[in-house]
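Student: For the record, in the sequence shown the residue sitting at position 64 is 63 according to numbering that gives the first Met the number 0, with numbers rising by one throughout. All C-beta atoms in this analysis are idealised placements derived from N, C-alpha and C, irrespective of residue type, glycine included. Can you keep this structure in mind? I'll have questions shortly.
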Amino acid sequence: MAGLVILAIMIGYLIISLIVVQLARKTAKKYGGRGWVWGWVAALMMYNLVFWDWIPTVAMHQYACNTEGGFWVYKTPEQWEKENPGVLETLVSPKNAPHTFEGSTDSGNYTFVFFTNDRFRWVVKNSGPHPLNLWREEQKFVDVKTGEVLAKYVDFASSQIRPTGSWQGWKFWLYSPHCAGGDMNESLMLGFKNSLKGSLEE
Numbered sequence: 000m001a002g003l004v005i006l007a008i009m010i011g012y013l014i015i016s017l018i019v020v021q022l023a024r025k026t027a028k029k030y031g032g033r034g035w036v037w038g039w040v041a042a043l044m045m046y047n048l049v050f051w052d053w054i055p056t057v058a059m060h061q062y063a064c065n066t067e068g069g070f071w072v073y074k075t076p077e078q079w080e081k082e083n084p085g086v087l088e089t090l091v092s093p094k095n096a097p098h099t100f101e102g103s104t105d106s107g108n109y110t111f112v113f114f115t116n117d118r119f120r121w122v123v124k125n126s127g128p129h130p131l132n133l134w135r136e137e138q139k140f141v142d143v144k145t146g147e148v149l150a151k152y153v154d155f156a157s158s159q160i161r162p163t164g165s166w167q168g169w170k171f172w173l174y175s176p177h178c179a180g181g182d183m184n185e186s187l188m189l190g191f192k193n194s195l196k197g198s199l200e201e
């Protein structure tokens, strides 16, 4: 329903924009000006009233993804097992994924710390909005005994408001849920975590 309302509003805005452009052209010609010039000026003004942040948001999202986004493994599960022989067999992953929480999901700034087992924590931190409608997610897999980060995943979404379910604000054209390859990187992070969670609690 909300989508239909937004579509109707956008169609109405397009019609109004066309009328404004035509009026600008006719008025300019009436007073001896160049109609096509003032038509383009009017079109640009109507575009920028709504879409002014579209291209900057896309550019900023691309820049953030290229400079900060990705998935990194600092120590493979095999390396960790070699340095800690026999430990993985003793680790038990608790039921119901116990965790701590700080922040507010409503604001988009929050941190979950999931207790994977006695040795590892999976830290998921979300923050935003950053400049030009960006929302940052960072995941770390941490050895709590040494404080060492074994793997890290960083991704960015762009959205008018904090992305929740199917609603990302009426400026739907700003929405991009991941960096290029971000969903694959997230899957790699989950696979890494699962490889060191140990046996399941009975």
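#1: Using only alpha-carbon positions, find the residue among Val143, Met44, Glu88 that is nearest to Phe17.
#2: Name, in chain order, the residues that DSSP records as bridge partners for Arg120.
#3: Does DSSP classify Val57 as helix, strand or coil?
#4: To the nearest angstrom, how far is it from the Cα of Ala1 to the Cα of Ser157?
#5: Closest to Ser194 by CA distance: which of Pro130, Gly38, Val72 is it?
#6: State the DSSP-derived secondary structure class of Lys81, mapped to helix, strand or coil.
#7: Please classify Gly68 as buried or exposed, where buried requires at least 16 other C-beta atoms within 10 Å of its C-beta.
#8: Determine the DSSP secondary structure at Ser158, reduced to helix, strand or coil.
#9: Using C-beta distances below 6 Å, list every residue in its chain close to Asn184, excluding the 5 sequence neighbours before and after it, in chain order.
Tutor: In this structure, then:
#1: Position 18 of the sequence shown, counted from the first residue, corresponds to residue 17. According to the sequence displayed, residue 17 carries Leu and not Phe. Looking at Val143, Met44, Glu88, the one whose alpha-carbon comes closest to that of Leu17 is Met44.
#2: Taking the first residue of the sequence shown as position 1, residue 120 is located at position 121. In DSSP, Arg120 forms a bridge with Phe114, Val141.
#3: The residue you call residue 57 lines up with position 58 of the sequence shown. Three-state DSSP puts Val57 in a helix.
#4: Along the sequence shown, read from residue 1 onward, the residue named residue 1 stands at position 2. Along the sequence shown, read from residue 1 onward, the residue named residue 157 stands at position 158. Confidence at Ala1 is low in this model, with a pLDDT of 47, below 50, so its placement is unreliable and the value that follows should be read with caution. Straight across, the Cα-Cα distance linking Ala1 with Ser157 is about 20 Å.
#5: On the sequence shown, position 195 is the one that residue 194 refers to. It is Val72.
#6: On the sequence shown, residue 81 is found 82 positions in, with the first residue counted as 1. Helix, per DSSP.
#7: As a working mapping, residue 68 is identified with position 69 in the sequence shown. With 16 or more Cβ atoms within 10 Å of its Cβ, Gly68 is classed as buried.
#8: Numbered from 1 along the sequence shown, position 159 holds the residue referred to as residue 158. DSSP places Ser158 in coil when its eight states are reduced to three.
#9: To locate residue 184, count along the sequence shown from 1; it is residue 185. If we look at Asn184 and ignore the five residues flanking it on each side, its Cβ neighbours are Phe70, Tyr152.
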